[in-house]
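Peer 1: Residue numbers (full-length UniProt numbering): 1 to 544.
Cβ coordinates follow ideal geometry from the N, Cα and C atoms, glycine included.
Before anything else, here's the structure in question.
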């Protein structure tokens, strides 16, 4: 199917109206994101910020955006590939690279990345991501004028997005379907698809996009004055810093003036279109724009300028219609289709072989089932024995802890007796003092000593009781695995397990910060740990 230069120019400019590429200007939001990346405290946060930055930078510098995404691709190589964060980020990276190559019109690379994206989302069973990836494939094939493949993938996307999608993505897929209908000259179907998108996503931005696409349908119906009115209205509503959309709007306006044979205004509009497209390097659009400019100049009788415009058009045409690039795209597409067909053939062969060997497989399954039953019975028996041994060990540890507590009580009672005996002796000495003032001073001293002893015992007892309640598992670990540590050192480790620093520990134990650090040093020596090692992390590894 062949189209005139007017029709091709109109179709292509409408198809790209959703892309957002802004002027190459310094961006405060991008600068803020870079600062946040430098200050990020975790890899997860840093990677998400980098992806946000790439999306922002893509508005005015696609090469820098691609470099950032490639950097993220390297970052996630160190992340667990089974984690949900890796799977989600990997899909975002592949989709971003596919979109970037699509924007740069590197179709072979775009197809390659988009096929990788589809495989990834199928592998991780992400229906939302798969719907977006199918829409991306449809967009690429539409650019390559393969309408059959484009419609196949957009219908795959719509089937998924009917139940699993966001309104903007679902509406976007209907707009792509409208583009396909338009290219097939099925205008009524195109209008239905565009209006369907408008109903799904009711935002002003979507309404503007739909109206812009409907203008192409009105052109095909020869309603040029109505189209011109829409072109002017959408141009006023477009962000002047969005160079891609401005190029689209001026391109549409130029084409409409051409249909009305208002060549002076058409020339002004196409020059504005060329300015915006040259700023962001849109080769395919520049090819069409210069071809249209040559037509305008020819109709105005400015033949020398028309010749120069035609020469520039030829340069862009040779660049866009690269034979080797088309061969590479065809090879990539055929490889993908061949792999799919080979997978289907392999499945058929496997099914046939399975039918022929059905009884043999059933016999093997029966034997394996018997062996597995015996294995699990023995394994269950071993687990019960291991459980009994573990229960016995826990009972022994509980007895040992009880014995330790009893010893502690005996020691405390002995200390109390010693304090009472010492106090009695001191009281006898006080009674023997004749001087009343001196005797009262001595009694105050005895009272202060008793209060201090009482406070010390209460603090120690309360702290130990709290640790026993809150860190019993950790206490059992220390008692069973680290017998070389004394009671004070175990108490210090229990407090460190609660994320207390040296100052806080010293206050709780009525010691100095230096004493706490000294005890910590002795523990490192006993455990053969260097000064940089995390003691608690080391102890936790012994749980297994």
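1. Can you tell me where the alpha helix (DSSP H) holding residue 124 begins and where it ends?
2. What residue from 52, 80, 83 has the CA that sits closest to residue 68's CA?
3. Between 182, 267, 371, 248, which has its C-alpha nearest residue 221's C-alpha?
4. Are residue 526 and residue 484 close, meaning C-beta to C-beta below 7 Å?
5. Is it buried or exposed for residue 61, if we count other Cβ within 10 angstroms and need 16 for buried?
6. Cα separation between residue 521 and residue 166?
7. Does the count of Cβ pairs from the region 68-78 and the region 252-260 closer than 8 Å reach three?
8. Check whether the Cβ atoms of residue 293 and residue 270 lie closer than 7 Å to each other.
9. For residue 115, which option in 301, 104, 91, 541 has the closest C-alpha, if you only look at C-alpha atoms?
10. Measuring straight from C-alpha to C-alpha, what distance separates residue 119 and residue 137?
11. Indicate the three-state DSSP secondary structure (helix, strand or coil) for residue 79 in the structure shown.
12. Is residue 228 near residue 256, with beta carbons less than 7 Å apart?
13. Is DSSP giving residue 538 helix, strand or coil here?
14. Output needed for residue 538: all residues of its chain with C-beta closer than 8 Å, excluding positions within five of it in sequence on either side, in chain order.
15. Just confirm the distance between the C-beta atoms of residue 133 and residue 141, as a whole number of angstroms; I'd bet it's less than 8 Å.
16. Count the other C-beta atoms from every protein chain shown that fall within 10 angstroms of the C-beta of residue 45, then say buried if there are 16 or more, exposed otherwise.
17. Measure the C-alpha to C-alpha separation of residue 540 and residue 499 and round it to an integer number of angstroms.
18. Quick test of your reading: residue 28 and residue 54, contact by CB under 8 Å. State the CB separation rounded to the nearest angstrom.
19. Within the region 416-440, note down every full beta strand (DSSP E) run reaching 3 residues or more, in order along the chain.
20. Taking the CB atoms as reference points, tell me whether residue 316 and residue 287 lie closer together than 7 Å.
21. Is residue 168 near residue 146, with beta carbons less than 7 Å apart?
22. Around the C-beta of residue 434, are 16 or more other C-beta atoms found within 10 angstroms, so that it is buried, or is it exposed?
23. Could you pull out every unbroken alpha helix (DSSP H) segment of at least 4 residues lying fully inside the region 215-269, listed in chain order?
Peer 2: For this structure:
1. On the chain shown, position 124 is the one that residue 124 refers to. Residue 124 -> no alpha helix (DSSP H), and no H or E assigned at all.
2. Start at 1 with the first residue of the chain shown, and residue 68 comes out as number 68. Measuring from the Cα of residue 68, the nearest candidate turns out to be 52.
3. If you number the chain shown from 1, residue 221 lands on position 221. That would be 182, whose Cα lies nearest to the Cα of residue 221.
4. Counting from one through the chain shown, the residue named residue 526 turns up at place 526. Counting from one through the chain shown, the residue named residue 484 turns up at place 484. Contact check for residue 526 against residue 484 passes: the beta carbons are separated by less than 7 Å.
5. Residue numbering aside, residue 61 sits at position 61 when the chain shown is read from its first letter. The residue is buried, with at least 16 neighbouring Cβ atoms inside 10 Å.
6. Taking the first residue of the chain shown as position 1, residue 521 is located at position 521. Taking the first residue of the chain shown as position 1, residue 166 is located at position 166. Just so you know, the alpha carbons of residue 521 and residue 166 end up roughly 58 Å apart.
7. Taking 8 Å as the limit for Cβ pairs, the verdict is that the region 252-260 does not touch the region 68-78.
8. Within the chain shown, numbered from 1, the residue matching residue 293 stands at position 293. Within the chain shown, numbered from 1, the residue matching residue 270 stands at position 270. Result yes, Cβ atoms of residue 293 and residue 270 sit closer than 7 Å.
9. Numbered from 1 along the chain shown, position 115 holds the residue referred to as residue 115. The option with the nearest alpha carbon to residue 115 is 91.
10. Taking the first residue of the chain shown as 1, we reach residue 119 at position 119. Taking the first residue of the chain shown as 1, we reach residue 137 at position 137. Those two C-alpha atoms are separated by around 12 Å.
11. Here residue 79 refers to the residue found at position 79 of the chain shown. In the structure shown, residue 79 sits in coil (DSSP, three-state: anything other than H, G, I, E or B).
12. Counting from one through the chain shown, the residue named residue 228 turns up at place 228. Counting from one through the chain shown, the residue named residue 256 turns up at place 256. With contacts defined by Cβ atoms closer than 7 Å, residue 228 and residue 256 form a contacting pair.
13. Here residue 538 corresponds to residue number 538 of the chain shown, with the count starting at 1. Residue 538: helix per DSSP, three-state reduction.
14. The sequence position of residue 538 within the chain shown is 538, counting from 1. The answer, listed in chain order, is 527, 529.
15. Taking the chain shown and counting its residues from 1, the one referred to as residue 133 is at position 133. Taking the chain shown and counting its residues from 1, the one referred to as residue 141 is at position 141. That pair is no contact at about 13 Å.
16. Here residue 45 corresponds to residue number 45 of the chain shown, with the count starting at 1. Burial check for residue 45: the Cβ neighbour count within 10 Å stays below 16, so the residue is exposed.
17. Taking the first residue of the chain shown as position 1, residue 540 is located at position 540. Taking the first residue of the chain shown as position 1, residue 499 is located at position 499. Cα to Cα, the separation comes out at about 14 Å.
18. Along the chain shown, read from residue 1 onward, the residue named residue 28 stands at position 28. Along the chain shown, read from residue 1 onward, the residue named residue 54 stands at position 54. Residue 28 to residue 54, Cβ: 17 Å. No contact.
19. Those beta strand (DSSP E) runs which fall completely within the region 416-440 and span 3+ residues do not exist here.
20. The count along the chain shown starts at 1 and reaches residue 316 at position 316. The count along the chain shown starts at 1 and reaches residue 287 at position 287. Yes. Within cutoff.
21. Looking up residue 168 in the chain shown gives position 168. Looking up residue 146 in the chain shown gives position 146. No, they are not a contact pair.
22. Residue mapping note: residue 434 aligns to position 434 of the chain shown, counting from 1. Exposed, because fewer than 16 other Cβ atoms sit within 10 Å of the Cβ of residue 434.
23. Positions of the alpha helix (DSSP H) runs, each at least 4 residues long and wholly inside the region 215-269, are given as 224-237, 243-259 in order along the chain.
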